[in-house]
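> Per this note's numbering, residue 219 is the first one in the sequence shown, and the count goes up by one each step.
Beta carbons: idealized from backbone N, C-alpha and C, even for Gly.
Small disclaimer: the values here were computed from a predicted structure and weren't measured.
Structure provided below as structure tokens; questions to follow.
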Amino acid sequence: SVREAVRVFEEVMRGGQLGGLGLEGEVRELVGRIGRMEERLGVLERRLTLGGGKHGLQELD
């Protein structure tokens, strides 16, 4: 799951394993992007559920 992936990334960063490779910034950015995607999916889900399908989708644009 997405949350599991984020947890693994955070553990790896805490362990310093990526620091030496210079990937820490990239991983942080990726984790941030995943988090934002998760938020958007949550919003989309709510809109589809509350909007009864078509109406909810139109609001996304």
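For Val224 versus Val249, is the C-beta distance shorter than 8 Å?
yes
> Grouping DSSP H, G and I as helix and E and B as strand, with all else coil, what is Leu262?
helix
> I need the straight-line Cα distance from Val220 to Glu256, nearest angstrom please.
The alpha-carbon of Val220 is positioned some 8 Å away from that of Glu256.
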